[in-house]
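Protein chains in written order, with our numbering: chain A, 1 to 257; chain B, 1001 to 1248.
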């Protein structure tokens, strides 16, 4: 554990001494702010129209959770699909290219410690990234009355989703020494898992159910709606653990005869 | 201390080293010689546990590199051909990181870092970013990294490559000082270096051991260059000679 933390600390520091962290964080917050601003502006617009039309029924159906938080989280999740591969592409690929892989692999570390360290480092960066977007719900809480429980559930969903992204990114980075290949293959896998449920409605009951179950977005959407179901938690836990396990095997394979 | 027995490493069809055996005793500096591409780096990577051999065994301090890899890795300090540096860290933070993953207790970490900073002549650059250092200093940081956990076995892959003459002398002096109770394997193709530093020499050519022996016995009046060229030329030359005899 101590070793894993040493690696995690090194990883986190290396994000912030290179420009990557700042570029990613700036881009993420810039886009997030733009989404938030526009969703809020639209919300205000609808509110003023409905009140001008004196339509109290429609007005009560307008709520911040459904019209601002939920689309905001969905938009942020799409941005994460693109940014997470950039965060994770270096993790193993760069070590291999720069020769520091030899240092790690000849140190008295277990592969599990190395993978755990890499994961914790990227996860800590993710926490910072998603944590900084917490400003948007705080603004809503200060000036409106969104439902806190639904926000919390949605954010938990976003964090689980992004954690799953990170583990996929670690996996693709562990199989190559080329950062571009690591990033692109991670991006493709994530996009595929994002859209895999598209044919679900037209592809028969069994296949449709399978596709829906595999899709990351289906499970994420449930949590954004405020439903924390064990089956969604189990799904995210399985994706995360499976990717970490495969990463561990892929790193270990260097030592196989 | 280091016992290499019947080591073979294959990359697909390419056989990098075949059936290599040699030993290095406690406190010995072993010169590992050979032309480029002879299999020096591969051998060292197997000894340090970075990659497994296709067949054969290596024992370091009595531990098998395949079965007790962890114990071996605790006892080895390794400087690969290109020093394994994180370019964006400062010298101190880099060495602290290496110290931690090599299992040095937190209380002793600062002392260990200070010790190697001093032995490797890095006291003036402690807060410099590794990536901005000159090649000579980087090589020293690489050496400091290999020494930080006070290993009983040092594996150095061409430690003086690309250095200026004064730096080369410094590093050589350092290696000599370090030897003492440690076993050192020093790979190089700079022959005078071996003549100055090593008691024992292993010459490897095209993946095979050409000769293993004590330096003084091998040379016996000849220069190391002559011995080296003789052994390097031997195998193909024998083949040629045989072919020539046959045609004649």
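By construction, the Cβ of each residue, glycine as well, lies at the ideal position given by its N, Cα and C atoms.
Check the DSSP bridge columns for residue i and list the partner residues they point to.
i, result
"residue 1187 of chain B", "B:1032 and B:1157"
"residue 1205 of chain B", "B:1208"
"residue 180 of chain A", "The partner list for residue 180 of chain A (beta bridge, DSSP) is empty, contrary to what the question assumes."
"residue 1055 of chain B", "B:1008"
"residue 1090 of chain B", "B:1129"
"residue 1023 of chain B", "B:1003"
"residue 1214 of chain B", "B:1200"
"residue 1015 of chain B", "B:1010"
I think residue i touches residue j, with their Cβ atoms under 8 Å apart; what is that distance to the nearest whole Å?
i, j, result
"residue 1021 of chain B", "residue 1010 of chain B", "No, residue 1021 of chain B and residue 1010 of chain B are not in contact; Cβ-Cβ is about 17 Å, not under 8 Å."
"residue 130 of chain A", "residue 159 of chain A", "6 Å"
"residue 166 of chain A", "residue 237 of chain A", "At roughly 14 Å, the Cβ-Cβ gap does not stay under 8 Å, so residue 166 of chain A and residue 237 of chain A are not in contact."
"residue 1059 of chain B", "residue 1003 of chain B", "4 Å"
"residue 1085 of chain B", "residue 1096 of chain B", "Rounded, the Cβ-Cβ distance is 14 Å, inconsistent with contact."
"residue 1078 of chain B", "residue 1072 of chain B", "In fact, because the Cβ distance is near 11 Å, the residues do not count as touching under 8 Å."
"residue 1202 of chain B", "residue 1030 of chain B", "6 Å"
"residue 1187 of chain B", "residue 1061 of chain B", "Their Cβ separation, rounded to whole angstroms, is 20 Å, which puts residue 1187 of chain B and residue 1061 of chain B out of contact at 8 Å."
"residue 1104 of chain B", "residue 1093 of chain B", "Not really, about 14 Å apart at Cβ, beyond 8 Å."
"residue 29 of chain A", "residue 132 of chain A", "6 Å"
Helix, strand or coil, according to DSSP, for residue i in the structure here?
i, result
"residue 20 of chain A", "helix"
"residue 1241 of chain B", "Low per-residue confidence applies at residue 1241 of chain B: pLDDT is 45, beneath 50, and the placement is therefore not dependable, though the value from the model is reported in the following sentence. Residue 1241 of chain B: helix per DSSP, three-state reduction."
"residue 237 of chain A", "helix"
"residue 1102 of chain B", "coil"
"residue 119 of chain A", "helix"
"residue 1079 of chain B", "strand"
"residue 109 of chain A", "coil"
"residue 1124 of chain B", "helix"
"residue 1063 of chain B", "strand"
"residue 216 of chain A", "helix"
"residue 1146 of chain B", "helix"
"residue 175 of chain A", "coil"
"residue 8 of chain A", "helix"
"residue 1221 of chain B", "coil"
"residue 295 of chain A", "Given a span of 1 to 257 for chain A in the structure shown, any question on residue 295 of chain A remains unanswerable."
"residue 150 of chain A", "helix"
"residue 198 of chain A", "helix"
Kindly list, in the order they appear in chain B, the residues whose Cβ is closer than 7 Å to that of residue i.
i, result
"residue 107 of chain A", "1073, 1101 and 1102"
"residue 255 of chain A", "1052"
"residue 10 of chain A", "1097"
"residue 178 of chain A", "What residue 178 of chain A touches in chain B: nothing, since even the nearest Cβ is about 18 Å away."
"residue 6 of chain A", "1097, 1100 and 1101"
Name the chain A residues that come within less than 8 Å of residue i, Cβ to Cβ?
i, result
"residue 1187 of chain B", "Correct list: empty, because the minimum Cβ distance to chain A is about 14 Å."
"residue 1043 of chain B", "Chain A residues near residue 1043 of chain B: none, gap ~14 Å exceeds 8 Å."
"residue 1076 of chain B", "106"
Given this structure, state the Cα-to-Cα distance separating residue i from residue j, to the nearest angstrom.
i, j, result
"residue 155 of chain A", "residue 52 of chain A", "34 Å"
"residue 1213 of chain B", "residue 1034 of chain B", "14 Å"
"residue 1045 of chain B", "residue 77 of chain A", "43 Å"
"residue 1043 of chain B", "residue 1194 of chain B", "18 Å"
"residue 210 of chain A", "residue 234 of chain A", "15 Å"
"residue 136 of chain A", "residue 33 of chain A", "8 Å"
"residue 1 of chain A", "residue 231 of chain A", "30 Å"
"residue 1088 of chain B", "residue 14 of chain A", "7 Å"
"residue 19 of chain A", "residue 1129 of chain B", "15 Å"
"residue 55 of chain A", "residue 191 of chain A", "41 Å"
"residue 1136 of chain B", "residue 71 of chain A", "55 Å"
"residue 1243 of chain B", "residue 1233 of chain B", "The predicted position of residue 1243 of chain B is uncertain, since its pLDDT is 43 and thus under 50; a value taken from the coordinates is nonetheless stated next. Cα to Cα, residue 1243 of chain B sits roughly 15 Å from residue 1233 of chain B."
"residue 178 of chain A", "residue 65 of chain A", "42 Å"
"residue 1118 of chain B", "residue 1149 of chain B", "14 Å"
"residue 90 of chain A", "residue 186 of chain A", "12 Å"
"residue 1080 of chain B", "residue 1158 of chain B", "8 Å"
"residue 1083 of chain B", "residue 1192 of chain B", "23 Å"
"residue 82 of chain A", "residue 43 of chain A", "27 Å"
"residue 1027 of chain B", "residue 1012 of chain B", "36 Å"
"residue 96 of chain A", "residue 252 of chain A", "14 Å"
"residue 174 of chain A", "residue 243 of chain A", "11 Å"
Name, please, each residue of chain A whose Cβ falls closer than 9 Å to the Cβ of residue i.
i, result
"residue 1085 of chain B", "98, 99, 100 and 103"
Check the Cβ of residue i against every Cβ in chain A and list those closer than 7 Å, keeping chain order.
i, result
"residue 1082 of chain B", "99"
"residue 1048 of chain B", "106"
"residue 1070 of chain B", "108"
Applying a beta-carbon distance threshold of less than 9 Å, which residues of chain B neighbour residue i?
i, result
"residue 3 of chain A", "1100, 1101 and 1103"
Check the Cβ of residue i against every Cβ in chain B and list those closer than 8 Å, keeping chain order.
i, result
"residue 18 of chain A", "1088"
"residue 14 of chain A", "1086, 1088 and 1089"
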